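Counting from 1, position 132 in the sequence shown corresponds to residue 114 in this note's numbering; the numbering is continuous, with no gaps.
Working notes for the structure below.
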Amino acid sequence: MHALEIEQLTVSFDKTPVLWDINFSLPTGRLCAVVGPNGAGKSTLLQAILGIVKPLSGTIRLLGEEARKVQARVAYVPQRSSVDWNFPISVLDVVLMGRYRKLGLFKWPKASDRDAARSILKKVGMLEYESRQISQLSGGQKQRLFIARALLQQADLFLLDEPFAGVDMATEKEILELLGKLKQEGKTLLVVHHDLSTVQNYFDWALLLNTALVASGPMEEVFHQANIFRAFGKRHALLEEVARLSGDVL
């Protein structure tokens, strides 16, 4: 079964296409990198899958169903820059947001929900911060906080928007280990990622995007020099450095 199936997806803002005629499918149990230059539509793709932005055309199926029917089985980790970190809320309460869709409107979390949230916080190394206000967290702690919220949701499809951005190497390794465990459990992960030098080591599937789809598929089949230059263009200085470091791979 495919966790994600997109056909002829087009999204435009102010009559300017942001995504154009996107067609791809992602098998269940894959850890997929979404890569492309700034403004390529990577974050917009995640928002379209979530129903946050309305496509101009196209269809999206999640986990074999219409997207609107299974949103409770989809978890989202946003970019840190999109979150109001001054909002007066504790770490534990943010994680408990992962239960809200299952609880329904006007229902408070039960003791069992709080226990589950604390168990997840322990899993991501954040239990000691459960009462801390979120503005007091470091960059890496903020990332782990929203991953913990996603884990409590008990989703089958995870969408993460640059989860490694602005974290140190130790935190990046910890996050990667968490994602790897989710993959081993049969979960599917679609991750916007900006560091081309780590794509092949971190992921097993790739989607290269620049408004239109450049390529998607198994890492060894699609993440190569021709497709990368199609997505980024020869002027992208990082590509030259990646090619130098990677030898014949790029």
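Every residue, glycine too, gets a C-beta built ideally from N, C-alpha and C.
Model, not experiment: these values are computed from the prediction.
- request: Compare the beta carbon distance of Arg62 and Gly121 with 8 angstroms and say whether it is the shorter of the two.
  value: As a first step, residue 62 is located in the sequence shown; it is residue number 80 there, counting from the start. As a first step, residue 121 is located in the sequence shown; it is residue number 139 there, counting from the start. Closer than 8 angstroms, so yes.
- prompt: Given that a residue counts as buried once 16 or more other Cβ atoms are within 10 Å of its Cβ, and exposed if not, what is Asn183?
  reply: On the sequence shown, position 201 is the one that residue 183 refers to. Asn183 comes out exposed.
6 angstroms CB neighbourhood of Val174 in its chain, flanking five on each side removed: Locating residue 174 in the sequence shown gives position 192, counting from the first residue. Closer than 6 angstroms at Cβ, skipping near neighbours: Val16, Lys24, Asp143 and Glu144.
query: So, using beta-carbon positions, are Ala130 and Val65 closer together than 8 angstroms?
result: The residue you call residue 130 lines up with position 148 of the sequence shown. The residue you call residue 65 lines up with position 83 of the sequence shown. Contact flag unset, no.
- prompt: Grouping DSSP H, G and I as helix and E and B as strand, with all else coil, what is Gln(-10)?
  reply: Taking the sequence shown and counting its residues from 1, the one referred to as residue -10 is at position 8. Correct three-state label for Gln(-10): strand.
field: Closest by C-alpha distance to Ile34, when choosing among Gly40, Thr41 and Thr26
entry: Position 52 of the sequence shown, counting from 1, holds the residue named residue 34. Of Gly40, Thr41 and Thr26, the residue nearest in Cα terms is Thr26.
query: Can the beta-carbon of Gly(-5) be found less than 8 angstroms from the beta-carbon of Ser198?
result: Position 13 of the sequence shown holds residue -5. Position 216 of the sequence shown holds residue 198. This sequence places Phe at residue -5; Gly is not what is there. Against a cut-off of 8 angstroms, the Cβ pair of Ser198 and Phe(-5) comes out as no contact.
- prompt: By DSSP, does Lys(-3) sit in helix, in strand, or in coil?
  reply: Locating residue -3 in the sequence shown gives position 15, counting from the first residue. Coil.
field: Three-state secondary structure (DSSP) of His(-16)
entry: Translated into positions along the sequence shown, residue -16 becomes position 2. It is a strand residue.
message: For a test of the three-state rule: what should DSSP assign to Asn20, helix, strand or coil?
response: Here the question's residue 20 lines up with position 38 in the sequence shown. Coil at Asn20, not helix or strand.
query: Assuming Asp97 contacts Arg81 under a Cβ cut-off of 8 angstroms, what Cβ separation, rounded to an integer in Å, is found between them?
result: Your numbering for residue 97 matches position 115 in the sequence shown. Your numbering for residue 81 matches position 99 in the sequence shown. Asp97 to Arg81, Cβ: 11 angstroms. No contact.
- request: May I have the straight-line CA-CA distance separating Met177 from Ala194, to the nearest angstrom?
  value: On the sequence shown, position 195 is the one that residue 177 refers to. On the sequence shown, position 212 is the one that residue 194 refers to. Going by the sequence as given, residue 177 is Asp instead of Met. Rounded to the nearest whole angstrom, the CA to CA distance from Asp177 to Ala194 is 20 angstroms.
message: Tell me the rounded alpha-carbon separation between Gln29 and Ser113.
response: The residue you call residue 29 lines up with position 47 of the sequence shown. The residue you call residue 113 lines up with position 131 of the sequence shown. Taking the straight line joining both Cα atoms gives about 30 angstroms.
message: According to DSSP, is Phe69 part of a helix, a strand, or is it coil?
response: Position 87 of the sequence shown, counting from 1, holds the residue named residue 69. Three-state result, Phe69: coil.
task: Whole angstroms is fine: what's the gap from Lys51's alpha carbon to Thr10's?
output: Reading the sequence shown from its first residue, position 69 is the one you call residue 51. Reading the sequence shown from its first residue, position 28 is the one you call residue 10. Rounded to whole angstroms, Lys51 and Thr10 show a C-alpha spacing of 18 angstroms.
- prompt: Once you ignore the five residues that flank Ile102 on each side, which residues in its own chain have a CB closer than 7 angstroms to its CB?
  reply: Along the sequence shown, one-based indexing puts residue 102 at 120. Short of 7 angstroms from the beta carbon of Ile102, and not among the five residues preceding or following it, lie these beta carbons of its own chain, in chain order: Val77, Ala130, Leu133 and Leu134.
Same chain only: Cβ atoms within 7 angstroms of Leu160, ignoring 5 sequence neighbours per side: Residue 160 sits at position 178 when you count from the first residue of the sequence shown. Within the same chain, Leu160 has close Cβ partners Val106 and Ile129.
query: Looking only at DSSP bridge pairs, what is Ile42 linked to?
result: As a first step, residue 42 is located in the sequence shown; it is residue number 60 there, counting from the start. Looking at the DSSP assignment, Ile42 forms a beta bridge with Ile(-12).
message: Excluding the 5 residues flanking Leu(-17) on each side, which residues of the same chain have their C-beta closer than 7 angstroms to its C-beta?
response: By 1-based counting over the sequence shown, the position of residue -17 is 1. Here residue -17 is Met; the residue named in the question, Leu, does not match the sequence. Leaving aside the five residues that flank Met(-17) on each side, the residues in its chain whose CB is nearer than 7 angstroms to its CB run, in chain order, Thr10 and Gly46.
query: Between the C-alpha atoms of Glu167 and Ala188, what's the straight-line distance to the nearest angstrom?
result: As a working mapping, residue 167 is identified with position 185 in the sequence shown. As a working mapping, residue 188 is identified with position 206 in the sequence shown. Glu167 and Ala188 have their alpha carbons spaced roughly 20 angstroms apart.
- prompt: Does DSSP put Ser117 in a helix, a strand or coil?
  reply: The residue you call residue 117 lines up with position 135 of the sequence shown. Reduced to three states, the DSSP call for Ser117 is helix.
query: Since Leu127 and Val73 are thought to touch, with beta carbons under 8 angstroms apart, how far apart are those beta carbons, to the nearest angstrom?
result: On the sequence shown, position 145 is the one that residue 127 refers to. On the sequence shown, position 91 is the one that residue 73 refers to. Correct: roughly 6 angstroms between the Cβ atoms.
- prompt: What does Ala197 pair with, by DSSP beta-bridge criteria?
  reply: In the sequence shown, residue 197 corresponds to position 215, counting from 1. Beta-bridge pairing links Ala197 to Leu190.
task: In angstroms with no decimal places, state the Cα-to-Cα distance between Leu32 and Gln53.
output: Within the sequence shown, the letter at position 50 stands for residue 32. Within the sequence shown, the letter at position 71 stands for residue 53. Straight-line measurement puts the Cα of Gln53 at about 7 angstroms from the Cα of Leu32.
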